[in-house]
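Novice:
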Amino acid sequence: MQLDKTLSFNEFEKASLADWQAKATKDLRGKDLEELMYTTSDGISIEPFSTDENSTSKISLSNAAWKIVLLADGSLEGVDKTISTLDELGLNCGALSKENLTKTKGQARCYFEIGTKFYENIAKLRAVKIANPEIELNTIISPSDDEFEYNNLVRQTIAAASAIIGGAEHICILPFNGKSNEQSLRLAKNILLLLKSESYMAEINDAASGSWFMEKLTSAYLTELAPDLMRTQITTPSTFTAGIAPYLRGPYSTMYAIRPWTIRQYAGFSTAEKSNAFYKRNLAAGQKGLSVAFDLATHRGYDSDHPRVTGDVGMAGVAIDSIEDMKILFDEIPLGDISVSMTMNGAVLPIMAFYIAAAKEQGVDETKLAGTIQNDILKEFMVRNTYIYPPAPSMRIISDIFKYTSANMPKFNSISISGYHMQEAGATPELELAYTIADGLDYVRTGIEAGLAIDDFAPRLSFFWGIGMNFYKEIAKLRAGRLLWAKLIKKFDPQNPKSMALRTHCQTSGWSLTEQDPYNNVARTTIEALAAVFGGTQSLHTNSFDEAIALPTDFSAKIARNTQKIIQEETDITKVIDPWGGSTVIEEYTNELAQNAWEYILEIEELGGMAKAIESGIPKMRIEECAAVKQANIDAGKDIIVGVNKY
């Protein structure tokens with residue numbers, strides 16, 4: 158198969174708003190499309206999916222640098238004192254409601270108290286700033302009244318991110334627990350430092366500019382403040398839609414508007430008994446799927462009593478030596494009802510056999526099993542090194558699993574093509590994107606050479622991305638990945654459009670977590686989780702804040718799990734399909750990443766595909782080069798790690 162030297166997506170027809178409406182109506186299976194309308198707390202209703210056809214005006218903010226301001230210091234003890242001081246000065250406009258926006262007319266400075274309603278915060282702040290460009294726009298982020306006060310670190314990070322995007326000059330975060338002790342004040346300040354110094358969000362002025370949805374919502378609020386303000390026509394054309402190839406804006410037409418992504422926390426440690434108890438506690442607390450981590454001995458195919466793996470058993474995952482261990486691991490967990498992801502590559506055959514046998518002992522037929530086996534051996538040769546067999550027989554095992562699952566396990570994903578480990582090893586977003594897609598292309602060829610038709614196995618291929626701290630680029634990476642995958646699979650002439658849909662699991666970065674000031678990691682993970690969701694992931698693991706130090710505790714796992722539940726239930730983020738569609742920043746990054754990744758993919762193809770490229774050592778070398786540059790930038794202070802090389 159010859160790849161085009163110049164990247165384009167001309168093989169796909171432009172999809173209109175009417176095309177999306179028809180696809181969504183079909184996918185809703187009798188439900189009314191009107192039920193998906195996004196309605197703000199102020200009663201403004203907007204369609205959940207926007208294109209250039211139903212969003213017609215564009216207004217951008219002027220450049221404005223925002224600052225870190227922490228009002229709750231030693232002289233202003235606690236939340237109540239801070240708010241009352243602003244009241245006395247006549248600066249507090251109160252909650253960020255539509256009614257209170259009018260208080261800003263003619264004002265030189267104002268303060269708004271904001272919460273977690275992500276889109277409303279952005280649109281209202283943008284509207285105020287556009288109507289009164291000279292105003293000094295300040296935001297106050299107070300803690301919520303929550304028995305589990307650490308949830309407020311998540312909420313305040315979400316609110317602060319929306320304030321930055323909305324154009325606030327000053328952001329004041331009050332201590333998450335209402336206390337003015339040293340740790341609480343430092344954590345409040347560090348949320349802002351992380352957003353400013355690590356997420357790259359502060360480098361982008363008005364990232365919402367051009368977003369068809371955000372421009373429409375901003376205009377709705379701006380009508381109240383400046384009805385006569387001139388607006389320019391949106392010029393960014395809408396080409397592709399959600400649910401229709403090449404799936405730029407999502408693999409499903411309704412994305413999270415009907416059902417949010419699956420909360421799938423990766424875990425496994427010590428014995429099967431202890432891991433089973435941990436899984437059951439997580440499921441009882443709202444987790445929807447399981448993701449099993451195996452220890453290094455199991456990955457390498459050794460029994461726990463083998464002398465070569467002394468010290469590795471149960472240390473970074475669960476030890477599984479037999480079918481009896483697997484039965485214990487899933488004891489009282491109904492495998493017919495729970496989707497299970499298993500991170501296993503080298504010893505994939507015995508683990509798959511144990512899993513199927515354990516299900517049958519529960520009375521669950523393998524046709525009913527849903528989940529994913531990682532089964533991605535190429536990245537093991539590249540970055541992780543838990544392979545057992547040489548490349549050729551390893552690829553034969555993969556094709557055999559493709560054959561078996563396509564014939565016997567129609568609900569099970571036969572591979573999870575992983576870029577996560579590449580990012581953890583130092584790969585940039587474009588390199589992770591390119592090499593993961595190139596791995597996938599080799600696996601597809603392996604399936605075809607084994608006699609399978611593309612539609613027999615491609616719909617059950619899945620991907621696994623790492624999500625780092627570069628907020629906008631991570632969103633764009635997932636969008637670009639869907640474009641590239643659809644383009645490549647199109648060349649195999651699939652008859653089932655699902656063969657071209659890139660479905661993915663995401664995990665927040667482990668590399669970005671620091672041992673120093675570990676509670677900073679709550680904010681890091683929240684930022685990364687937001688990027689994964691805005692990028693359109695199908696399931697998500699959020700790392701626990703203490704993973705740079707030890708295995709997660711129940712306490713840290715609760716914060717990690719609650720991070721996703723707060724995003725799902727308190728922000729309204731799930732109610733809008735690809736809200737960043739049309740954003741100048743996101744669309745440019747999507748195109749840039751796709752173009753750069755394509756150059757790397759062409760390089761791999763010239764070497765004969767990824768399996769042969771790995772033998773040449775080039776992919777490993779490229780990743781190591783990126784890692785060296787990154788570490789050099791950290792050592793030189795060019796890349797700031799809050800609490801490590803600065804602050």
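Everything in the sequence shown is counted per the numbering used here, starting at 158 for the first residue and increasing by one. For every residue, glycine included, the Cβ atom is placed at its ideal position computed from N, Cα and C. Quick caveat: nothing in here was measured; it's all calculated off a predicted structure.
1. Need the endpoints of the alpha helix (DSSP H) that residue 628 sits in, please.
2. Check residue 530 in the structure and name its three-state DSSP category.
3. Specify the secondary structure class of residue 676 as computed by DSSP and reduced to three states.
4. Tell whether a beta-carbon distance below 8 angstroms holds between residue 674 and residue 800.
5. Residue 204: which of 175, 370 and 741 sits nearest, CA to CA?
6. Could you pull the start and end residues of the alpha helix (DSSP H) that residue 178 belongs to?
7. Measure the beta-carbon distance from residue 383 to residue 424 and round it to whole angstroms, keeping in mind my assumption that it falls under 8 angstroms.
8. Cutting at 6 angstroms between CB atoms, please list the residues of its own chain near residue 727, excluding the five before and the five after it.
9. With a CB to CB cut of under 8 angstroms and the five nearest residues on each side skipped, what residues in its chain are close to residue 177?
10. Between the alpha carbons of residue 329 and residue 414, how many angstroms are there, rounded?
11. What's the call for residue 790, buried or exposed, on a 16-neighbour Cβ count within 10 Å?
12. Starting from residue 424, trace the beta strand (DSSP E) both ways and give me its first and last residue.
13. When every heavy atom of the ligand FAD is checked, does at least one fall within less than 7 angstroms of the C-beta of residue 467?
14. Consult DSSP for residue 449 and reduce its assignment to one of helix, strand or coil.
15. Between residue 186 and residue 192, what straight-line distance do the alpha-carbon atoms span, to the nearest angstrom?
16. Give the straight-line distance between the Cα atoms of residue 368 and residue 393, rounded to the nearest whole angstrom.
17. With DSSP as the reference, please indicate the residues paired to residue 252 in a beta bridge.
18. Taking the alpha carbon of residue 662 as the reference point, which residue from 430, 502 and 623 has its own alpha carbon closest?
19. How would you label residue 441, buried or exposed, when you count the other beta carbons within 10 angstroms and need 16 or more for buried?
20. Comparing C-alpha positions only, which one of 456, 733, 644 and 462 sits nearest to residue 503?
21. Hey, residue 742 and residue 364 are a contact pair by Cβ (cut 8 angstroms); roughly how many whole angstroms apart?
22. Just confirm the distance between the C-beta atoms of residue 618 and residue 570, as a whole number of angstroms; I'd bet it's less than 8 angstroms.
23. Throw me the rounded Cβ distance for the residue 327 and residue 347 pair, which I believe falls under 8 angstroms.
24. Tell me the rounded alpha-carbon separation between residue 355 and residue 518.
25. Report the rounded CA-to-CA distance for residue 100 versus residue 475, giving the unit in angstroms.
26. Near residue 767, which residues of its chain fall below 8 angstroms by C-beta distance, leaving aside the five closest residues on each side in sequence?
27. Could you say if the stretch 642 to 650 and the stretch 678 to 692 meet the contact criterion of at least three C-beta pairs nearer than 8 angstroms?
28. Which ranges would you report for the beta strand (DSSP E) in the stretch 464 to 502 if only whole runs of at least 3 residues count?
29. Since residue 664 is in the beta strand (DSSP E), which residue starts that stretch and which ends it?
30. Secondary structure at residue 369, three-state DSSP: helix, strand or coil?
31. Could you pull out every residue in the same chain whose Cβ sits closer than 8 angstroms to the Cβ of residue 581, ignoring the five residues on either side in sequence?
32. My output table needs one value for residue 799: the three-state DSSP class, helix, strand or coil.
33. Check for me: the alpha helix (DSSP H) holding residue 342 runs from which residue to which?
Specialist: Well, looking at it:
1. Residue 628 sits at position 471 when you count from the first residue of the sequence shown. Run containing residue 628: 628 to 647, per the alpha helix (DSSP H) assignment.
2. Position 373 of the sequence shown, counted from the first residue, corresponds to residue 530. Residue 530 falls in the strand class under three-state DSSP.
3. Here residue 676 is taken as the residue at index 519 of the sequence shown, counted from 1. Taken through DSSP and simplified to helix, strand or coil, residue 676 comes out as coil.
4. Position 517 of the sequence shown, counted from the start, is the residue given in the question as residue 674. Position 643 of the sequence shown, counted from the start, is the residue given in the question as residue 800. It is a contact, given that the beta carbons lie within the stated cut-off.
5. For the purposes of this step, residue 204 is taken as the residue at position 47 of the sequence shown. Nearest of 175, 370 and 741 to residue 204, Cα basis: 370.
6. Taking the first residue of the sequence shown as position 1, residue 178 is located at position 21. Membership of residue 178 in the alpha helix (DSSP H) is indicated by the continuous run 174 to 185.
7. Taking the first residue of the sequence shown as 1, we reach residue 383 at position 226. Taking the first residue of the sequence shown as 1, we reach residue 424 at position 267. With 8 angstroms as the limit, residue 383 and residue 424 do not qualify as a contact, their Cβ atoms being about 51 angstroms apart.
8. Taking the sequence shown and counting its residues from 1, the one referred to as residue 727 is at position 570. Answer for residue 727: 273, listed in chain order.
9. Walking along the sequence shown from the start, residue 177 turns up at place 20. A distance below 8 angstroms between beta-carbons, with the five flanking residues on each side excluded, links residue 177 to the following residues of its chain, in chain order: 206, 208, 398, 399, 400, 401 and 410.
10. In the sequence shown, the residue the question calls residue 329 occupies position 172. In the sequence shown, the residue the question calls residue 414 occupies position 257. Distance between the alpha carbons of residue 329 and residue 414: 32 angstroms.
11. Counting from 1 along the sequence shown, the entry for residue 790 is found at position 633. With fewer than 16 other Cβ atoms inside 10 Å of its own Cβ, residue 790 counts as exposed.
12. Numbered from 1 along the sequence shown, position 267 holds the residue referred to as residue 424. For residue 424, the enclosing beta strand (DSSP E) has its first and last residue at 419 to 424.
13. In terms of ligand content, the structure shown is empty, and the ligand FAD therefore cannot be addressed.
14. Within the sequence shown, residue 449 is the residue found at index 292, counting from 1. Note: residue 449 maps to strand in three-state DSSP.
15. Taking the first residue of the sequence shown as position 1, residue 186 is located at position 29. Taking the first residue of the sequence shown as position 1, residue 192 is located at position 35. Straight-line Cα distance between these residues: approximately 13 angstroms.
16. Reading the sequence shown from its first residue, position 211 is the one you call residue 368. Reading the sequence shown from its first residue, position 236 is the one you call residue 393. Residue 368 and residue 393 have their C-alpha atoms spaced approximately 9 angstroms apart.
17. For this step, residue 252 is matched to residue 95 along the sequence shown. According to DSSP, residue 252 shares a beta bridge with 270.
18. Within the sequence shown, residue 662 is the residue found at index 505, counting from 1. Residue 662 has its Cα closest to that of 623, out of 430, 502 and 623.
19. Mapped onto the sequence shown, residue 441 falls at position 284. Per the 10 Å Cβ criterion, exposed.
20. Residue mapping note: residue 503 aligns to position 346 of the sequence shown, counting from 1. For residue 503, the nearest C-alpha among the options comes from 456.
21. Within the sequence shown, numbered from 1, the residue matching residue 742 stands at position 585. Within the sequence shown, numbered from 1, the residue matching residue 364 stands at position 207. That belief holds up - the Cβ atoms of residue 742 and residue 364 are roughly 5 angstroms apart, short of 8 angstroms.
22. The residue given as residue 618 occupies position 461 in the sequence shown. The residue given as residue 570 occupies position 413 in the sequence shown. Rounded to the nearest angstrom, the Cβ distance from residue 618 to residue 570 is 7 angstroms, consistent with a contact under 8 angstroms.
23. Position 170 of the sequence shown, counted from the first residue, corresponds to residue 327. Position 190 of the sequence shown, counted from the first residue, corresponds to residue 347. Distance from residue 327 to residue 347 at the Cβ level is roughly 17 angstroms; contact not present, criterion being Cβ atoms closer than 8 angstroms.
24. Numbered from its first residue, the sequence shown carries residue 355 at position 198. Numbered from its first residue, the sequence shown carries residue 518 at position 361. Cα-Cα distance, rounded: 49 angstroms.
25. Outside the shown range of the chain (158 to 804) lies residue 100, about which nothing can therefore be said.
26. By 1-based counting over the sequence shown, the position of residue 767 is 610. Here residue 767 has 535, 592, 595, 596, 598, 599, 761 and 776 as same chain residues with Cβ atoms under 8 angstroms from its own Cβ, once five neighbours each way along the sequence are excluded.
27. Pairwise C-beta distances place the stretch 642 to 650 out of contact with the stretch 678 to 692, as fewer than three of them are shorter than 8 angstroms.
28. Within the stretch 464 to 502, the complete beta strand (DSSP E) segments of 3 residues or longer fall at 496 to 500, listed in chain order.
29. Within the sequence shown, the letter at position 507 stands for residue 664. Counting along the chain, the beta strand (DSSP E) containing residue 664 begins and ends at 661 to 665.
30. Residue mapping note: residue 369 aligns to position 212 of the sequence shown, counting from 1. Residue 369 falls in the helix class under three-state DSSP.
31. Residue numbering aside, residue 581 sits at position 424 when the sequence shown is read from its first letter. Only residues of its own chain outside the window of five on either side were considered, and among them 540, 623, 666, 667 and 668 have a CB closer than 8 angstroms to the CB of residue 581, listed in chain order.
32. In the sequence shown, counting from the first residue as 1, residue 799 sits at position 642. Here residue 799 sits in strand by DSSP.
33. Counting from one through the sequence shown, the residue named residue 342 turns up at place 185. Per DSSP, the continuous alpha helix (DSSP H) segment holding residue 342 begins and ends at 339 to 354.
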